[in-house]
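Quick note, the sequence shown lines up with residues 71 to 195 if you use the working numbering. Using N, Cα and C, we set each Cβ at its ideal position, and we do this for glycine too. Have a look at the structure below before the remarks.
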Amino acid sequence: GLRELRLDRNELGFYGADALAAGLGGRSKGRLGCRLQVLTLRENSISDDGVGRIAEVLKTNTALKEIDLCKNEIGDLGAKSLGLTLLANKRLAILTLQGNVVGDIGAEGLAIGLERNMSLEDLDL
């Protein structure tokens, strides 16, 4: 099956992120779940709401190892959502958030997740 998906600069926005989140969902309702390991979503205007949807399903996704969310207008709320994901997700190794608008509050949210997460090896802000 598909292991790597690159959707850079496709203007996905919230609705595209929401559709991707549905596809990334873990095992439920008899589904085997997504086996995607690398997801690149650079420059898609996903914003806080879109990354919130993706972050929610990443809490239970056990396949994805790397996600690149560079330049997606993600701010403090989105970063806090990802921080909560890091508390639950034990598989994600690389998270790239470069070129977003994460401030002190968002960084604090990420730090909370990092305190307990042992799988993340690389966080690029």
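Own chain residues within Cβ distance below 8 Å of R101, not counting five before or after: In this prediction, R101 has a pLDDT of 46, which is less than 50 and means its spatial position is unreliable; what the coordinates show is noted afterwards. Correct list, in chain order: G95.
Taking the beta strand (DSSP E) that L108 belongs to, which residues open and close that run? Contrary to the premise, residue 108 reads as Val rather than Leu in this sequence. From DSSP, the beta strand (DSSP E) with V108 extends over 108 to 110.
Taking the C-alpha atoms as reference points, what is the distance between K99 and I164? Low confidence applies to K99: its pLDDT is 47, below 50, so where it sits in the model is not reliable, and the reading given next is rough at best. Going by C-alpha positions, K99 is about 28 Å away from I164.
Does the distance from the C-beta atom of G179 to that of D146 stay below 9 Å? D146 sits close to G179, with the two beta carbons spaced by under 9 Å.
Using alpha carbons as the reference points, say which of E113, G120, R105 lies closest to A87. For the residues E113, G120, R105, the minimum Cα distance to A87 belongs to G120.
E126 and L109: beta carbons closer than 9 Å? Not a contact, by the Cβ cut-off of 9 Å.
Near L193, what residues of its chain come up, given a Cβ to Cβ distance below 6 Å and the 5 sequence neighbours on each side ignored? Here the set comprises L165.
T166 in three-state terms, based on DSSP: Reduced to three states, the DSSP call for T166 is strand.
Closest by CA to G83, which one among R105, G153, L128, E143? Of the listed residues, the one whose Cα sits closest to G83 is E143.
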